[in-house]
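Chemist: Quick one: the structure is below, and I'll ask about it shortly.
2 protein chains.
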Amino acid sequence: MSTKNTKPTDAELDVLRVLWEHGPGTVREIHDRLPQTPHRVYTTVLKLLQIMCEKGLVKRDESQRAHVYEVAVSMEQTQQNLVNHLLAKVFDNSMSSMVMRALSTRQASKEDLDEIRKLLDKMEGDES
Amino acid sequence: MSTKNTKPTDAELDVLRVLWEHGPGTVREIHDRLPQTPHRVYTTVLKLLQIMCEKGLVKRDESQRAHVYEVAVSMEQTQQNLVNHLLAKVFDNSMSSMVMRALSTRQASKEDLDEIRKLLDKMEGDES
DNA sequence: CGAACAATACGAAGAGTTTCGTAATTAGGT
DNA sequence: ACCTAATTACGAAACTCTTCGTATTGTTCG
Chain L
1 MSTKNTKPTD AELDVLRVLW EHGPGTVREI HDRLPQTPHR VYTTVLKLLQ IMCEKGLVKR
61 DESQRAHVYE VAVSMEQTQQ NLVNHLLAKV FDNSMSSMVM RALSTRQASK EDLDEIRKLL
121 DKMEGDES
Chain P
1001 MSTKNTKPTD AELDVLRVLW EHGPGTVREI HDRLPQTPHR VYTTVLKLLQ IMCEKGLVKR
1061 DESQRAHVYE VAVSMEQTQQ NLVNHLLAKV FDNSMSSMVM RALSTRQASK EDLDEIRKLL
1121 DKMEGDES
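Line by line, the protein sequences give chains L and P. Quick note, the first sequence lines up with residues 1 to 128 if you use my numbering. Quick note, the second sequence lines up with residues 1001 to 1128 if you use my numbering.
Okay, structure coming up:
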């Protein structure tokens, strides 16, 4: 239940990214894999993980001396939640304006543009 | 200076949206135009505006008895900041994965899809 | 066993956000 | 001038997030 509505904070997203990329790990491992900046002390990361556990963002395996944490929310679902939230809150649910804003400051690669074009084709195909 | 780095909170975004849509207004006007849910008492909105003023998100005209507030940040710039932040933090700067996630849960209208396609064409044109 | 080390648990502090009650201020009407 | 109504100013409370220091617990090794 808590997994659904919980919107991860920026610090929590840092942790989730590590777990999504490297898989489950102990506090020490996660701590070492986090970005250097901002610097975070070991116990800070521990506390963060404990709270994320209460929120249902991660699960904890206590069978080992050093508890092993793993994600409890999928990257896909989290990405969807966040992008939908932004879309509703800031872009009035207009996909095109969001894409426009993103394109206006960012050097999208040709591969990216082609990729998006394919998605559009697929979308339009499904709809008809 | 404060206008640049300040990332508006969700409550602040509600206020900004009202101002972007309706233009400058008094606390009472803004209060009445805010979404019903969550309900916010008049003085809560006032305080919010005062703090946003300190942050540089809005400007205040005190020449009238009832102060008139207006935005100090453009919708475009704010949208760019937020979408870029999301892109970097959650999508590893991959436009296409963000668009894919957005499309995967959302009924994008045909107009939206066409609009995006035009943007892509324009982008690719500028690049060559 | 006991020393040393490593991990977890706990709690508190500081910052930021949001809320709202109460006080002070100002303007209008009679 | 005075009462009333509306507004702003102020500050406190509740909550969350983040940080880190310290205490406690557990493990290993001599």
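Beta carbons: idealized from backbone N, C-alpha and C, even for Gly. Values in this document were obtained by computation on a predicted structure and should not be read as measured data.
Classify Val1041/P as helix, strand or coil using the three-state DSSP reduction.
Modeler: The sequence position of residue 1041/P within the second sequence is 41, counting from 1. Of the three classes helix, strand and coil, the one that applies to Val1041/P here is coil, per DSSP.
Chemist: Looking at chain P, is there any beta carbon in it that lies within less than 8 Å of the beta carbon of Ile30/L?
Modeler: Counting from 1 along the first sequence, the entry for residue 30/L is found at position 30. Not one chain P Cβ lies under 8 Å of Ile30/L.
Chemist: Just mark Asp112/L as buried or exposed, buried being the case when its beta carbon has 16 or more other beta carbons within 10 Å.
Modeler: Taking the first sequence and counting its residues from 1, the one referred to as residue 112/L is at position 112. So Asp112/L counts as buried.
Chemist: Quick one, which of Glu12/L, Asp114/L, Ser104/L has its alpha-carbon nearest Gln50/L's?
Modeler: For the purposes of this step, residue 50/L is taken as the residue at position 50 of the first sequence. It is Glu12/L.
Chemist: Under a CB-based cut-off of 8 Å, is Leu1019/P close to chain L?
Modeler: Along the second sequence, one-based indexing puts residue 1019/P at 19. Taking Cβ atoms only, chain L never reaches closer than 8 Å to Leu1019/P, which makes this a no.
Chemist: What did DSSP end up calling Thr1078/P once you bin it into helix, strand or coil?
Modeler: As a first step, residue 1078/P must be located in the second sequence, where it is residue number 78. The answer is helix: DSSP assigns Thr1078/P an H, G or I state.
Chemist: Exposed or buried, which one is Asp1014/P when buried takes at least 16 other CB atoms within 10 Å?
Modeler: Position 14 of the second sequence, counted from the start, is the residue given in the question as residue 1014/P. So Asp1014/P counts as buried.
Chemist: Within the 8 Å Cβ cut-off, does Thr105/L reach chain P?
Modeler: Here residue 105/L corresponds to residue number 105 of the first sequence, with the count starting at 1. The Cβ of Thr105/L sits closer than 8 Å to at least one Cβ of chain P.
Chemist: Comparing alpha-carbon positions, which option in Met100/L, Asp126/L, Met123/L lies nearest Leu1120/P?
Modeler: One-based indexing of the second sequence puts residue 1120/P at position 120. Considering only alpha carbons, the answer is Met100/L.
Chemist: Mapping DSSP to helix, strand and coil, what is Glu70/L?
Modeler: The count along the first sequence starts at 1 and reaches residue 70/L at position 70. DSSP places Glu70/L in strand when its eight states are reduced to three.
Chemist: Would you say Gln983/P reaches chain L, if we count a Cβ-Cβ gap shorter than 8 Å as a contact?
Modeler: Nothing can be reported for residue 983/P, as the shown portion of chain P is limited to 1001 through 1128.
Chemist: Can you grab the Cα-Cα spacing for the pair Leu46/L / Ala108/L, in whole Å?
Modeler: The residue you call residue 46/L lines up with position 46 of the first sequence. The residue you call residue 108/L lines up with position 108 of the first sequence. Cα-Cα distance, rounded: 37 Å.
Chemist: Who are the Cβ neighbours of Met1052/P in its own chain at under 7 Å, not counting the five residues just before and after it?
Modeler: Working through the second sequence from its first residue, we reach residue 1052/P at position 52. Closer than 7 Å at the Cβ level, and outside the excluded window around Met1052/P, lie Glu1012, Val1015, Val1058.
Chemist: What are the residues of the stretch 1111-1123 of chain P that lie near chain L, defined by any Cβ-Cβ distance shorter than 7 Å?
Modeler: So the list reads Asp1112, Leu1113, Glu1115, Ile1116, Arg1117, Leu1119, Leu1120, Met1123, given in the order they occur along the chain.
Chemist: So what does DSSP say about Thr1026/P, is it helix, strand or coil?
Modeler: Taking the second sequence and counting its residues from 1, the one referred to as residue 1026/P is at position 26. Strand at Thr1026/P.
Chemist: Measuring only the C-alpha atoms, how far is Arg117/L from Ser94/L?
Modeler: Indexing the first sequence from 1 puts residue 117/L at position 117. Indexing the first sequence from 1 puts residue 94/L at position 94. Using only the alpha carbons, I get a separation of about 17 Å.
Chemist: Which first and last residues belong to the beta strand (DSSP E) in which Arg1060/P is found?
Modeler: By one-based count along the second sequence, residue 1060/P stands at place 60. 1058-1061 is the span of the beta strand (DSSP E), which, as asked, contains Arg1060/P.
Chemist: Near Val68/L, which residues of its chain fall below 8 Å by C-beta distance, leaving aside the five closest residues on each side in sequence?
Modeler: Position 68 of the first sequence, counting from 1, holds the residue named residue 68/L. Counting only Cβ-Cβ distances below 8 Å, and skipping sequence neighbours, we find Pro24, Gly25, Thr26, Arg60, Asp61.
Chemist: Assuming Met1098/P and Leu1087/P are in contact, meaning their beta carbons sit under 8 Å apart, how far apart are those beta carbons, in whole angstroms?
Modeler: Within the second sequence, residue 1098/P is the residue found at index 98, counting from 1. Within the second sequence, residue 1087/P is the residue found at index 87, counting from 1. With 8 Å as the limit, Met1098/P and Leu1087/P qualify as a contact, their Cβ atoms being about 6 Å apart.
Chemist: Taking C-alpha atoms, which residue in Trp20/L, Arg65/L, Asp10/L lies nearest to Ser74/L?
Modeler: As a first step, residue 74/L is located in the first sequence; it is residue number 74 there, counting from the start. Checking every option, the nearest Cα to that of Ser74/L belongs to Trp20/L.
Chemist: Just to make sure I have the definition right: I need the residues of chain L whose C-beta is within less than 8 Å of the C-beta of Ala1011/P. Which are they?
Modeler: Residue numbering aside, residue 1011/P sits at position 11 when the second sequence is read from its first letter. Ordered by position in chain L, no residue passes the 8 Å Cβ test against Ala1011/P, which lies about 11 Å from the chain.
Chemist: Residues of chain L with CB under 9 Å from Arg1101/P, in chain order?
Modeler: Residue numbering aside, residue 1101/P sits at position 101 when the second sequence is read from its first letter. Residues of chain L passing the Cβ test: Glu76, Gln79, Gln80, Leu82, Val83, Asn84.
Chemist: Enumerated in chain order, which unbroken segments of the alpha helix (DSSP H) with a length of 4 residues or greater are wholly contained in the stretch 74-124 of chain L?
Modeler: 75-90, 95-105
Chemist: Compute the Euclidean distance between the alpha carbons of Asp1114/P and Arg1106/P, then round it to the nearest angstrom.
Modeler: By 1-based counting over the second sequence, the position of residue 1114/P is 114. By 1-based counting over the second sequence, the position of residue 1106/P is 106. Roughly 15 Å between the two C-alpha positions.
Chemist: Around the C-beta of Arg65/L, are 16 or more other C-beta atoms found within 10 angstroms, so that it is buried, or is it exposed?
Modeler: Residue mapping note: residue 65/L aligns to position 65 of the first sequence, counting from 1. By the neighbour-count rule (16 or more Cβ atoms within 10 Å), Arg65/L is not buried but exposed.
Chemist: DSSP three-state call for Leu1034/P: helix, strand or coil?
Modeler: Position 34 of the second sequence, counted from the first residue, corresponds to residue 1034/P. Reduced to three states, the DSSP call for Leu1034/P is coil.
Chemist: To which residues of the same chain is Met31/L closer than 6 Å at the C-beta, ignoring the five residues directly before and after it?
Modeler: As a working note, residue 31/L is residue 31 in the first sequence. Strictly speaking, residue 31/L in this sequence is His, with Met absent from that position. Tyr42, Val45.
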